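Working notes for the structure below.
4 protein chains.
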Amino acid sequence: MIRFNNDYSEGAHPRVLAKISETNFEQNDGYGVDRHCEAARAIIRGLCEAPEAEVQFLVGGTQANATILSALLKPYQGVVSAETGHIAVHESGAVEATGHKVLALPGVNGKLTAETVDAFCSGYFADETAEHMVMPAAVYISNPSEFGTIYSRAELEALRAVCDRWKLVLFLDGARLGYGLASPENDLDLPFLARVCDVFYIGGTKQGLLMGEAVVFRDASLARGFRNMMKRAGGMLAKGWLLGVQFEEMLRDGLYFDLAKEAVRLAMRLRGAFAEMGVPMLMESPTNQQFPILPNAALDILRAEFSFSTIQKIDEGRTAVRFCTSWATRAEDVETFIARVREVVG
Amino acid sequence: MIRFNNDYSEGAHPRVLAKISETNFEQNDGYGVDRHCEAARAIIRGLCEAPEAEVQFLVGGTQANATILSALLKPYQGVVSAETGHIAVHESGAVEATGHKVLALPGVNGKLTAETVDAFCSGYFADETAEHMVMPAAVYISNPSEFGTIYSRAELEALRAVCDRWKLVLFLDGARLGYGLASPENDLDLPFLARVCDVFYIGGTKQGLLMGEAVVFRDASLARGFRNMMKRAGGMLAKGWLLGVQFEEMLRDGLYFDLAKEAVRLAMRLRGAFAEMGVPMLMESPTNQQFPILPNAALDILRAEFSFSTIQKIDEGRTAVRFCTSWATRAEDVETFIARVREVVG
Amino acid sequence: MIRFNNDYSEGAHPRVLAKISETNFEQNDGYGVDRHCEAARAIIRGLCEAPEAEVQFLVGGTQANATILSALLKPYQGVVSAETGHIAVHESGAVEATGHKVLALPGVNGKLTAETVDAFCSGYFADETAEHMVMPAAVYISNPSEFGTIYSRAELEALRAVCDRWKLVLFLDGARLGYGLASPENDLDLPFLARVCDVFYIGGTKQGLLMGEAVVFRDASLARGFRNMMKRAGGMLAKGWLLGVQFEEMLRDGLYFDLAKEAVRLAMRLRGAFAEMGVPMLMESPTNQQFPILPNAALDILRAEFSFSTIQKIDEGRTAVRFCTSWATRAEDVETFIARVREVVG
Amino acid sequence: MIRFNNDYSEGAHPRVLAKISETNFEQNDGYGVDRHCEAARAIIRGLCEAPEAEVQFLVGGTQANATILSALLKPYQGVVSAETGHIAVHESGAVEATGHKVLALPGVNGKLTAETVDAFCSGYFADETAEHMVMPAAVYISNPSEFGTIYSRAELEALRAVCDRWKLVLFLDGARLGYGLASPENDLDLPFLARVCDVFYIGGTKQGLLMGEAVVFRDASLARGFRNMMKRAGGMLAKGWLLGVQFEEMLRDGLYFDLAKEAVRLAMRLRGAFAEMGVPMLMESPTNQQFPILPNAALDILRAEFSFSTIQKIDEGRTAVRFCTSWATRAEDVETFIARVREVVG
């Protein structure tokens, strides 16, 4: 069985594991105030060209999303998200558990447009019954999105302008940020993100770490009380340096980006192969997730050898599925898979 | 200014006020365990032909909705509602404030269909990632709906069957229940509601009381701990007998239903008049809320003399608005209004 | 049965009821933005000599406490209260339901001292593990307290200084505020309270209204979003003017204070009588609640004719109980009671 | 600097790291349903002689405590804890964040007694205002406690009886469970715990794992929906097998217990040395935490070479501090420390 069903089926890059072993008997302060977290913070601030940024480390994405949003919203405020956003669908109500509504709006290719957010806010603030409705106060986007699509610099600038207009916090879920930045279609970079967003995170779990997300607040005033929030949410890792060590190792010389680049290269190989075979895609994704629409009969055959996720029934005979590459994907497995698809779909 | 903008612009029916005055210096136990609450409970159980029902009184609808749902749901469960449902739109996130997601589904004329709920639950329970999504465990409907439409017996039975299939609680918001039961198109009655729903309430605030909603649980096991929940939610009225006294007076001889009938008669008069004038309706409502689509110019003129609610922009020149009648509406005001509309729209 | 068990056993003062009847068929805007609420706000601002104050009306005390605190605290912050404070004991966890810890500290005669709060905050902010503990950010006091005792001007000024030192919000629960201000030992007044507190409320439910608490924020910046919070908490009364009408009537010419004065006079009569009889008191209360310690045998006899609350077992033979007077207490009932106690306790 | 300030200053036992490396490129299912989690579950069920037990893995203790309690309590219920309990003091209000009050009762040496819990529940359920107070429905204990003390079999049986009497869930926080079971004074074992508790956890973070707590529910009915709760709380680790692998390795041949035994042996060495030196202890702890009371002058000197936690000021000249041993403590460091203390205190 070769797994393409997600991008977190393996442990961590060997260099990460080696570093964890190497530092294993160091005695470190707990809770993320140790030398490695500090070193990782310094590297991240440098990469973001944001010396004022506040950086905190959390274990996972759902935890990060709910903790960040509940730290930034007032109780009567909600967060705008695409209907397909991870917080709107796949986090078991973690945001609602903190008392906030996810204001789900229609997206385009998994992305929120500035126009949609603007129209929604415009409607809210003009409504005579606004006090009876949840006030939009944050915008949640993910880059890459849940459908692998990415935002352009222009799109984010437009969202930023809308956020400024309506006093919304702009929050970017970067669980797969590296794969986004490594896309051939990408025009973003970390310094831009650190300016355009109020808060975002650099995903580790899906990008070669055992676990960990590095949350970057544009400035420390936004992060006031955030460590208390982390602890309150059960998200302050006792051995916090484990997160610091991993980000330090992955980011110190660009390994994080190199791994992402190779994963995206393999995804583009997949995309190209599907295109050659005339397989339609549910979504044109320029990142590590690919969404071909395949005949059910073919899927039944492939399932015996490969794992993938079912996304959506297209019609009686066809289903959209998802194949992910990752930092751990082997080129030969991709070729084996393509060859097999050719036989089956051919 | 004559107000048709809602059905809670006046105080209470004079008989209700008289009864409050008459009992004013009785000394009663607080918190709804007094003789009047008990008497009202007995009347309601009788009207519902439900001797096992548990009845509790709350002050208002949002409070009732959030308290009931948070009492019935486990933390990881959510409530299915039409996208236009009051809890989904107009309660400032009161349900989310208790930690639960409102799972908003498309409605038909403001109503949830059994098919929609069934398909949604079927999808949820078949999904391999169900643990990552909010589990549907309750269905919220309002009768009449936010658009004045009402459920038929057959529709509720179908919803009940779906609820049984997926183990969902069926909860009916009856803030305007009387106006629904008084509709010429209604085929429901209280005994049926007390059987088909797990919990519903008989609205008082919009039906001639100063305030108050009578919550009816099909049986006491569903209401375990509900009084603690009421207190915890700040919803246990110190002078609870005030709610008992009002329901007692309104329900003891059918005044509640007589008032509703007259209000609906006046609404049907309005509906008929709009029809005669060729005014289209946003929604065909057989109850006390009417939703004509009128030219903006006409609305500007009418606004000087009458109040009403803006519902939806239809196009550049026309807007759907809402006119409510209520227990307090005077027939002559309706005629004055109709005459004026004829002049303006005619 | 003559009831002294609490101060909310009767409806409302006849003038309040008359005013509700008189205004019954006025058509008013809902949700507390009507002319009566505005009039009551103006009166309250005048009485408080606080033209900048924001005034909102809620139905009851538990609702007011939880809504105010959850509006003012950040998620990781808690509220300091005396261990005997209403929010710490008798609100079914309403504050915790909003996600906040009540930091209960030992009180003195039911009151918090500035020293206690200062020492607690000093400990918290000096603690190296402060991030792991709930940050104190508000102080809850009630005046009169749950034991009828009252704060002096000097005590409140000391608490204010501590609040300023540690950046805490000072919140005074005035469910029985009138009875406090009417005490022969009182040296507070409304203008002082409106300066020394960030927020307090003028209780109505226990002071002659059917229901209602008037929440006064020192300035509007503290109340940002408070109306959304009210709605979200199910605490925005549809017929909000009912609260406005009642406060307007009670406050326009001092009726509120006159009624309180008479209630306290009767309580002092009780206190004097107990003293004459040599009955010890659990607490020396200068307000409408009195806490005699009586032999159980005597209580058993009295219970047949009078109702009162059990507070605390003192020893095998004696129990501390509570007798309340109120705006509705009749002087002759107090005399009847005293005469009977004399016979029984002799 | 040699650290004795806590028991989570190092990474993981080398065998644990080796196993993580060894399994690194296996492709595993996410979210804790993989072969390693299953294997670890089987081992734990075996060690507990509890084939019906449900086992789930969480990353940390605060997360475990809040998730377990919020899964088991109804919204209006609270959890009884010693005033010194971790959930009552050092989790930033994580339990309150889920809407539940921690009902803190006085403990004896950091432990709750059956008598205290029984008296509290007896008072609650007899109170006429019980509906206005938070209902006790769970008992939280930690073994070892926050002061290193441990429960005896008889004490737990007595607590169990009280829980049965009042229908309370008994929950044991075993963050340091191994150190408790390894104590020379211990008379508990896992099969007993799996019978006497409704739920408990086997701590990993402080016992030689990188991170992880294994939650054991006596039977699966208690764990209904628990995985949804985990996800909702941000506590479902994407690479869940990392937790399974670690527990599998630590528990398969008793390494967990061997490490704990050695850590406790070293702690007893410390205790003995302090006793010889006549140093008084704040608490007599038979586990890996030791609480000597030392002169401040001595502490100032020791602080330059050793780290430890400040617990409590005893008087002007002396402070109680905490020294922890752990699976990673080296015997020579303990001897170095003792020698130095002798010089300083001697």
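Chains A, B, C and D are the protein sequences, given in the same order.
Using this note's numbering, you'd call the opening residue of the first sequence number 18 and step up by one each time.
Using this note's numbering, you'd call the opening residue of the second sequence number 18 and step up by one each time.
Using this note's numbering, you'd call the opening residue of the third sequence number 18 and step up by one each time.
Using this note's numbering, you'd call the opening residue of the fourth sequence number 18 and step up by one each time.
Glycine residues also receive a C-beta, built at the ideal position from the N, C-alpha and C atoms.
From a predicted model like this one, the values you see are computed outputs, not experimental measurements.
Open item on the list: Strictly by DSSP, which residues pair up with T336(D)?
Closed with: T336(D) pairs with L311(D), K330(D).
Open item on the list: Just to confirm the assignment: which complete alpha helix (DSSP H) runs, minimum length 4, are found wholly within the stretch 210-273 of chain D?
Closed with: Whole alpha helix (DSSP H) segments, 4+ residues: 243-249, 258-268.
TODO: Please check the pair L194(D) and I219(D), which I expect to be a contact at CB under 8 Å, by giving their CB distance rounded to whole angstroms.
DONE: Contact between L194(D) and I219(D) holds: their C-beta atoms lie close to 5 Å from each other, under 8 Å.
Open item on the list: Would you say Y218(A) lies against chain D (beta-carbon separation less than 8 Å)?
Closed with: Interface flag for Y218(A) against chain D is unset, since no Cβ pair is found closer than 8 Å.
Task: Delimiting residues of the alpha helix (DSSP H) encompassing S87(A) - done: For S87(A), the enclosing alpha helix (DSSP H) stretches over residues 78-89.
Task: Exposure of S238(A), with buried meaning 16 or more beta-carbon neighbours within 10 Å - done: By the C-beta density criterion, S238(A) is exposed, having fewer than 16 other C-beta atoms within 10 angstroms.
Task: Validate contact between the stretch 87-99 of chain A and the stretch 150-170 of chain A using beta carbons, cut 8 Å, 3 pairs - done: Pairwise C-beta distances place the stretch 87-99 of chain A in contact with the stretch 150-170 of chain A, as three or more of them are shorter than 8 Å.
- [ ] Look up E27(A) in the DSSP assignment and say whether it is helix, strand or coil.
- [x] In the three-state reduction of the DSSP assignment, E27(A) falls in the coil class.
Open item on the list: Would M294(A) and T166(A) be called neighbours here (beta carbons separated by less than 8 Å)?
Closed with: Not a contact, by the Cβ cut-off of 8 Å.
- [ ] With DSSP as the reference, please indicate the residues paired to K128(A) in a beta bridge.
- [x] According to DSSP, K128(A) bridges with V125(A).
- [ ] Whole angstroms is fine: what's the gap from A178(D)'s alpha carbon to V119(D)'s?
- [x] The straight-line gap from Cα to Cα measures roughly 21 Å.
Open item on the list: By the DSSP assignment, the beta strand (DSSP E) with Y157(B) in it spans what residues?
Closed with: Segment 152-159, the beta strand (DSSP E) holding Y157(B).
TODO: Report yes or no: do three or more beta-carbon pairs, one from the stretch 256-269 of chain C and one from the stretch 44-54 of chain C, lie closer than 8 Å?
DONE: Under the Cβ criterion (8 Å, minimum of three pairs), the stretch 256-269 of chain C counts as touching the stretch 44-54 of chain C.
Task: Expected contact under 8 Å - CB spacing of Q44(C) and S26(B) to nearest Å - done: The Cβ separation is near 4 Å, so the contact holds.
Open item on the list: Can you check which of these residues, S38(C), V151(C), N41(C), H30(C), is closest to N41(B) by C-alpha distance?
Closed with: If we check each option's Cα against that of N41(B), H30(C) comes out closest.
Task: Under 8 Å between C-beta atoms of P309(A) and F291(A) - done: Yes, the Cβ-Cβ distance between P309(A) and F291(A) is below 8 Å.
Open item on the list: Could you compute how far the alpha carbon of Q263(B) sits from the alpha carbon of G116(D)?
Closed with: Rounded to whole angstroms, Q263(B) to G116(D) spans 33 Å at the Cα level.
Task: Min CB distance G18(A) to chain C below 8 Å - done: Note on identity: in this sequence residue 18(A) is Met, with Gly being the wrong assignment. Not one chain C Cβ lies under 8 Å of M18(A).
Open item on the list: For a quick check, are the C-beta atoms of A88(D) and G242(D) less than 8 Å apart?
Closed with: In this structure, G242(D) lies closer than 8 Å to A88(D) by Cβ.
TODO: Note down, in chain order, every chain B residue with its Cβ under 9 Å from the Cβ of G252(D).
DONE: Taking the beta carbon of G252(D) as reference, no residue of chain B falls within 9 Å; the closest one sits roughly 12 Å away.
- [ ] Starting from the N-terminal side, write out each stretch of the beta strand (DSSP E) that is 3 residues or longer and does not extend beyond the stretch 25-76 of chain B.
- [x] DSSP runs (the beta strand (DSSP E)) wholly in the stretch 25-76 of chain B: 71-75.
TODO: Measure the beta-carbon distance from L276(C) to W344(C) and round it to whole angstroms, keeping in mind my assumption that it falls under 8 Å.
DONE: Sure, about 4 Å apart at Cβ, within 8 Å.
Task: Beta-carbon contacts of Q80(A) that lie in its chain and below 7 Å, excluding the five residues immediately before and after - done: For Q80(A), same chain residues with a beta-carbon under 7 Å away, outside a window of 5 residues either side, are A250, G252 in chain order.
TODO: Establish whether the CB of E279(A) and some CB of chain B are separated by less than 8 Å.
DONE: It does not; no Cβ of chain B falls within 8 Å.
Open item on the list: Considering only heavy atoms of the ligand GDP, does any lie closer than 7 Å to the CB of R269(D)?
Closed with: Ligands in the displayed structure: none, and consequently the ligand GDP is not present.
- [ ] Under 8 Å Cβ to Cβ from F137(C), same chain only, skipping five residues before and after it: list those, please.
- [x] The beta carbon of F137(C) sits closer than 8 Å to the beta carbons of V97, L120, L122, P153 from its chain, once the five residues preceding and following it are set aside; these are given in chain order.
- [ ] Would you kindly work out how many angstroms separate the C-alpha atoms of V186(A) and L90(C), rounded to a whole number?
- [x] Approximately 20 Å, taken between the alpha carbons.
Open item on the list: One question on the structure: do V362(C) and L287(C) come within less than 8 Å of each other, judged by their Cβ atoms?
Closed with: No, the pair does not count as a contact, with Cβ atoms beyond the cut-off.
- [ ] Go to A111(B), then tell me how far its alpha helix (DSSP H) extends in each direction, as first and last residue.
- [x] Per DSSP, A111(B) belongs to the alpha helix (DSSP H) from 111-114.
Open item on the list: With H, G and I counted as helix, E and B as strand and the rest as coil, what does DSSP make of M298(D)?
Closed with: Three-state result, M298(D): strand.
Task: Residues that DSSP places opposite I19(C) in a beta bridge - done: Per DSSP, F323(C).
Task: N-terminal and C-terminal residue of the beta strand (DSSP E) that D190(B) is part of - done: That run of the beta strand (DSSP E) goes 186-190.
Task: Euclidean distance between Cα positions of E32(B) and G77(B) - done: According to the sequence displayed, residue 32(B) carries Arg and not Glu. The alpha-carbon separation between R32(B) and G77(B) amounts to approximately 21 Å.
- [ ] Using 10 angstroms around the beta-carbon of M18(C), count the other beta-carbons present and answer buried if the total reaches 16, otherwise exposed.
- [x] So M18(C) counts as exposed.
Open item on the list: Suppose you measure from the CA of L226(C) to the CA of G28(C); what does that come to, to the nearest Å?
Closed with: Straight-line Cα distance between these residues: approximately 7 Å.
- [ ] Could you check the C-alpha separation between E266(C) and A83(D) for me, to the nearest Å?
- [x] A direct Cα-Cα distance of roughly 48 Å separates E266(C) from A83(D).
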